[in-house]
Amino acid sequence: MGKKVLMKGNEAIGEAAIRAGCLNYFAYPITPQSEVAEYLSRRMPEVGGVFLQGESEVAVAYMLFGASACGERVFTTSSSPGISLMSEGISYIAGAQCPVVFVNIIRGGPGLGGILPSQGDYFQATKGGGHGDYHLLVMAPASVQEAVEMVMRAFPLAEKYRNPVMILGDGLIGQMMEPVEFPDHLKTEPSNKDDWATSGMDHRKSNKRNLVKSLYLDPKVLNDQNLLLKSKYDQMKREEILYEGYNTDADYKVLIVSYGTMSRVCRTAIDLLKAQGLEVGMLRPQTLFPFPEKAVRDAAWKESCKAVISIEMSMGQMVEDVERCVQGRRPVEWYGKCGGDVPTPEEVMDAVRKIEK
Amino acid sequence: MQSEVMFAGFGGQGILLCGKILAHAALNKGLEVAWIPSYGPEMRGGTAYCTVVISDKLIGSPIIKNPRHLVAMNRPSLEKFAPTVKPGGVILINSSLIPIRSGRSDVDELVVAVSEIANELGSIKAANIVALGAFVARSKIVEYDLLIEAVKEEFAGKEKLIPLEMKALERGKLAAEKKN
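Quick mapping for you: the protein sequence lines, in order, are chains W and C.
Just so you know, we're using this note's numbering here: the first sequence kicks off at 1302 and counts up by one.
Just so you know, we're using this note's numbering here: the second sequence kicks off at 686 and counts up by one.
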């Protein structure tokens, strides 16, 4: 680990990718994450990497697909409308099992929406976005430091599963400056890319021809392909779940489930409520897919816990996953705001007080 | 203990940089910091503001509706944000551009002719550093020496500006120490 530096989230994300050994960045600018492109347009040439601005997000998605299919480590960053445009490509990339890292610095939606922080793309990130039975592995950072760590983790995970990984931040994570300590450069794992990537025959041991595709016209073959994808998602559920508890040792009366920037506001609210004599716990999913199902269930079913509330900068998306985990054993409520109007700790406290009674 | 400072003014007044330097000084002291800019579709000369949160423990909510202190570099900023400042905080008013006062009796109002001082020093661009020097000297939010170091670090790539910035800091400090 190096010295702590003060860095904007967007720039730190760009630097983290380079330190993870990613030397290809293709993107199309969009607020509130354009600083990633600005930073990498300068930085990538310095490290011998490629910075390429595509003509649109649709094109960028297929540039990523192409580079990844050839065995290159590659990533992009965008914000909500841009990710919608990429979603067709993301489905193809997942179908063809290519490891690509996506960063979505969410802005308010739907449509052009606004440019301020939001968590309105939870469904898009965790339940699809594109067509077909696929999942992204989704991680949600709550600080600039965590964004760096998650970006660096994303590349080996994408390669382990041959599946796209998405970092789901919001405008605040991108725009805020916080102290960051960069872990050392990532050690490159022995690659299995020769087994699948269309990287050319010259340096390979076997004569097997690799083919990267998502088209399977035979229904039986396509079903097998989907079963293979499912087995990867099942393995993610067993091996990759990350979450953090806050004040969960206390006998809390209410459990908050919250992620990303919103969870920090909740943390402040929990401290203030504690000072007023009300114990509230929080479960913060760090992976949104796979969702920490058992952790949420166990935390909700704790004897002292009377109610659960999902607090999000959306009109209630993650709350559906929380309800699924709690299985009706506790009332599950939702509180949230949209459009960049981030709830204050006081508003969170009011929401908790309301259900505590 | 957590403190928040809002820096506000016109785009181009060096508001965001001002906040960044303070954040740097606090980071060098080993404190937790967060620097949150306003960002939006703005035109040249539009409003710019940022908040710096400084704390001795992990920072929770980075969205601050009621900062402890305010550095107002133009009139619209003072009018908009003065009512939000917590009682007991410092409100710095750039009297070169702001003919009014905060109207608050429960805060420490620090009136400094920031732009005039910068002009006397030979560059209006140094106004933000004058304000920063005055604000830190009055609020003591970080040690003044740490601020000097942070300014030097910030201008390390433009070394010929450092003597001017040092003078700007010092003039700000003197203005803050003068009894009203």
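All C-beta atoms in this analysis are idealised placements derived from N, C-alpha and C, irrespective of residue type, glycine included.
Note that the structure is predicted; figures quoted are calculated from it, not measured.
| Check | Outcome |
| --- | --- |
| For Phe1483/W and Ala1498/W, the rounded distance between their alpha carbons | 30 Å |
| Contacts of Lys863/C in chain W (Cβ-Cβ under 8 Å) | In chain order: nothing, as chain W lies at least about 32 Å away. |
| Assumed close pair Ser781/C, Val796/C - CB separation to whole angstroms, cut-off 8 Å | Ser781/C to Val796/C, Cβ: 10 Å. No contact. |
| contact_flag[the segment 1408-1420 of chain W, the segment 691-700 of chain C] where n(CB pairs < 8 Å) is 3 or more | no |
| Which listed residue (Phe1592/W, Gly1310/W and Val1513/W) has its alpha carbon closest to that of Glu1450/W | Gly1310/W |
| His754/C to Thr736/C span [Cα, whole Å] | 10 Å |
| The segment 704-711 of chain C contacting the segment 1633-1648 of chain W, beta-carbon criterion three pairs below 8 Å | no |
| CB-CB length for Tyr1326/W against Glu1358/W, believed under 8 Å | Rounded, the Cβ-Cβ distance is 14 Å, inconsistent with contact. |
| Beta-carbon proximity list for Gly876/C, same chain, < 6 Å, skipping 5 on both sides | Within the shown structure, residues of chain C are numbered from 686 to 865, placing residue 876/C beyond reach of any answer. |
| Exposed unless 16 or more other CB atoms sit within 10 angstroms - verdict on Ile783/C | buried |
| CB-CB length for Val1401/W against Ile1394/W, believed under 8 Å | 5 Å |
| Counterpart residues of Ser637/C in DSSP-defined beta bridges | Missing from the structure shown is residue 637/C; chain C here goes from 686 to 865 and no further. |
| Counterpart residues of Lys1309/W in DSSP-defined beta bridges | Met1478/W |
| Candidates Gly1431/W, Trp1602/W, Asp1622/W and Glu1312/W: closest to Arg1631/W by CA position | Trp1602/W |
| Spatial distance of Ala1608/W from Gln1425/W (CA atoms) | 27 Å |
| Counterpart residues of His754/C in DSSP-defined beta bridges | Val690/C |
| Rounded C-alpha distance that separates Ser1342/W from Met1364/W | 17 Å |
| Local Cβ density within 10 Å of Gln1476/W, reported as buried at 16 or more and exposed below that | buried |
| Between the CA atoms of Gln1334/W and Gly1582/W - distance to the nearest angstrom | 32 Å |
| Neighbour flag for Ala708/C against chain W, beta carbons, 7 Å | yes |
| Assigned exposure category for Gln1398/W - 16 Cβ within 10 Å defines buried | buried |
| Beta carbon proximity, Val1566/W to chain C, threshold 7 Å | yes |
| Chain-ordered residues of the segment 691-703 of chain C with a beta carbon less than 8 Å from chain W | none |
| Buried/exposed call for Lys852/C, threshold 16 Cβ in 10 Å | buried |
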